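Numbering (my numbering), first residue to last: 3 to 236.
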């Protein structure tokens with residue numbers, strides 16, 4: 003993915019200001035930022051739910067401006083909102099999304115993913131009976147059903163208990179080992195640092211840091227992050 007000069011404004015209010023960054027195949031990029039930094043706006047634009055005011059985004063050989071339908075098939079999204087239908091079963095939800103994306107060998111793919119997120123014994127149960135953690139696990143299966151080339155995560159740990167958080171972390175580690183390309187936005191410094199290959203900080207719609215994780219001292223990063231956020235308030 004290559005993002006160049008990305009800007010999003012709502013009247014005179016700028017949510018994103020001239021963002022430029024790239025995401026290589028198999029790379030895990032975590033973008034940190036406080037509330038109101040523009041993180042969710044960025045994810046909405048990258049997932050084609052919102053149009054940018056200006057700038058260019060490309061995934062592989064596809065342009066967001068000219069190939070939006072092809073782009074959608076390249077992207078999987080996991081957010082606080084699960085995009086699941088509560089009055090359908092786990093299996094029915096995956097079948098619905100699988101048909102939407104014309105997934106081949108759909109029954110087998112559904113069984114495999116339900117097993118991987120440890121929900122195979124609950125596949126006939128309605129989603130409304132699931133805990134927050136179970137719904138998030140099913141949302142992971144939904145997002146991976148069409149084998150996206152890029153996975154976008156918007157504050158995926160929000161509302162999860164300790165057990166569900168650990169399961170999500172382990173799943174993301176497996177995806178990272180399998181060289182899945184991932185972009186996660188979060189304000190959770192500990193989780194984001196642990197998983198990432200590269201770290202960025204977004205403050206008031208501007209990238210104020212973009213650096214390889216191995217070049218950052220984890221013990222000092224919390225203070226570095228706070229300094230960057232506070233500096234922009236002055």
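The C-beta atom is built at its ideal place from N, Cα and C for all residues, glycine as well.
If you're wondering where the values come from, they're calculated on a predicted model, not measured in any experiment.
- Separation of residue 70 and residue 189 (C-alpha to C-alpha, rounded to the nearest whole angstrom) is 29 Å.
- As a beta-bridge residue in DSSP terms, residue 16 pairs with 11.
- For residue 208, the uninterrupted beta strand (DSSP E) segment begins and ends at 208-214.
- The beta carbons of residue 3 and residue 60 sit closer together than 9 Å.
- Going by DSSP, residue 60 is part of no alpha helix (DSSP H) but of the beta strand (DSSP E) stretching over 56-61.
- For the pair residue 66 and residue 22, the Cα-to-Cα distance works out to about 15 Å.
- If you compare the alpha carbons of 5, 29 and 7 with that of residue 185, the shortest gap goes to 29.
- For residue 105, the secondary structure class from DSSP, reduced to helix, strand or coil, is coil.
- Residue 200 sits in a strand when the DSSP states are folded into three classes.
- Residue 32 has its alpha-carbon roughly 5 Å from the corresponding atom of residue 201.
- In the structure shown, residue 171 falls within a helical segment according to DSSP collapsed to helix, strand and coil.
- Under the DSSP assignment, residue 146 falls in the alpha helix (DSSP H) whose first and last residues are 134-146.
- Within the same chain, Cβ atoms closer than 7 Å to the Cβ of residue 18 are found at 8, 9, 10, 40, 43, 44 and 207, the five residues on either side in sequence being excluded.
- Taking a C-beta distance under 9 Å as the contact criterion, residue 166 and residue 79 do not qualify as a contact pair.
- Judged by their CB atoms, residue 147 and residue 86 are not nearer to each other than the 9 Å cut-off.
- The C-alpha of residue 102 is placed about 27 Å away from the C-alpha of residue 25.
- Excluding five sequence positions before and after residue 230, the CB atoms of its chain that fall closer than 8 Å to its own CB belong to 203, 205, 210 and 211, given in chain order.
- The residues 137 and 141, in chain order, have a CB closer than 6 Å to that of residue 84 in the same chain once the five nearest residues on each side in sequence are set aside.
- If you look at residue 47, you'll find it in the alpha helix (DSSP H) that goes 41-48.
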